[in-house]
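J.: In the numbering used here, the protein residues as written are 10 to 169. Ideal Cβ placement from N, Cα and C applies to all residues, glycine included. Small disclaimer: the values here were computed from a predicted structure and weren't measured.
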């Protein structure tokens, strides 16, 4: 199962390897969770030495959304709802880890939860999130991905 975009697009702010401003996160499977370690850059700060809360939310959103690849029928999804609880400020400098787990699945809807920690000590929870994700219809996928046909096929049964 491929958890990372290997298509001709790769411009996602969180995971796109071709996005010069992005986080360039790479995800892996660890048991039944999706995990990524990353080190934000100076430009991702809000307050001095503190990662902007919007960056934190984006990281959690991406990790939770990625759990939909663990379903019986992986599908392109978009966030329907994201609830973030900021437990501590997220420091600039140390390596961070996001971990997400798939929850309830019903029809086109999937739910997931996860948290952001220090990579060296996952007991230090910086933020946690719960999200609901909706599988997109083929029509919407076709509209969005007209210019990137390689992405359209990312979830075909042969790519699992």
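Please confirm if residue 82 has its CB atom under 9 Å from at least one CB of chain C.
T.: Structure shown: chain C not included; a single protein chain is present.
J.: Tell me where the alpha helix (DSSP H) around residue 71 begins and ends.
T.: 62-75
J.: Looking at residue 135 and residue 121, is the spacing between their C-beta atoms short of 9 Å?
T.: no
J.: For residue 83, tell me which candidate among 18, 89 and 118 has the shortest Cα-Cα distance.
T.: 118
J.: Is it a yes or a no for the region 127-144 touching the region 62-77, going by three-plus beta-carbon pairs under 8 Å?
T.: yes
J.: Taking DSSP as the reference, what is the three-state secondary structure of residue 123?
T.: Strand, per DSSP.
J.: Indicate the three-state DSSP secondary structure (helix, strand or coil) for residue 169 in the structure shown.
T.: A caution first: residue 169 carries a pLDDT of 39, below 50, which makes its placement in the model too unreliable to give a value.
J.: Based on the DSSP secondary-structure assignment, which residues constitute the bridge partners of residue 88?
T.: According to DSSP, which records beta bridges pairwise, residue 88 is partnered with 142.
J.: Report the residue from 55, 142, 107 and 130 whose alpha carbon sits nearest the alpha carbon of residue 24.
T.: 107
J.: For residue 46, name the three-state secondary structure that DSSP assigns.
T.: In the three-state scheme derived from DSSP, where H, G and I count as helix and E and B as strand, residue 46 is classed as strand.
J.: So who's on the other strand from residue 27, going by DSSP bridges?
T.: In the DSSP output, where bridge partners are listed per residue, residue 27 has none listed.
J.: Do residue 53 and residue 101 have their C-beta atoms within less than 9 Å of each other?
T.: yes
J.: Just checking my contact of residue 42 with residue 128 at CB under 8 Å: how many whole Å lie between their CB atoms?
T.: Contact doesn't hold; Cβ gap of about 14 Å is too wide.
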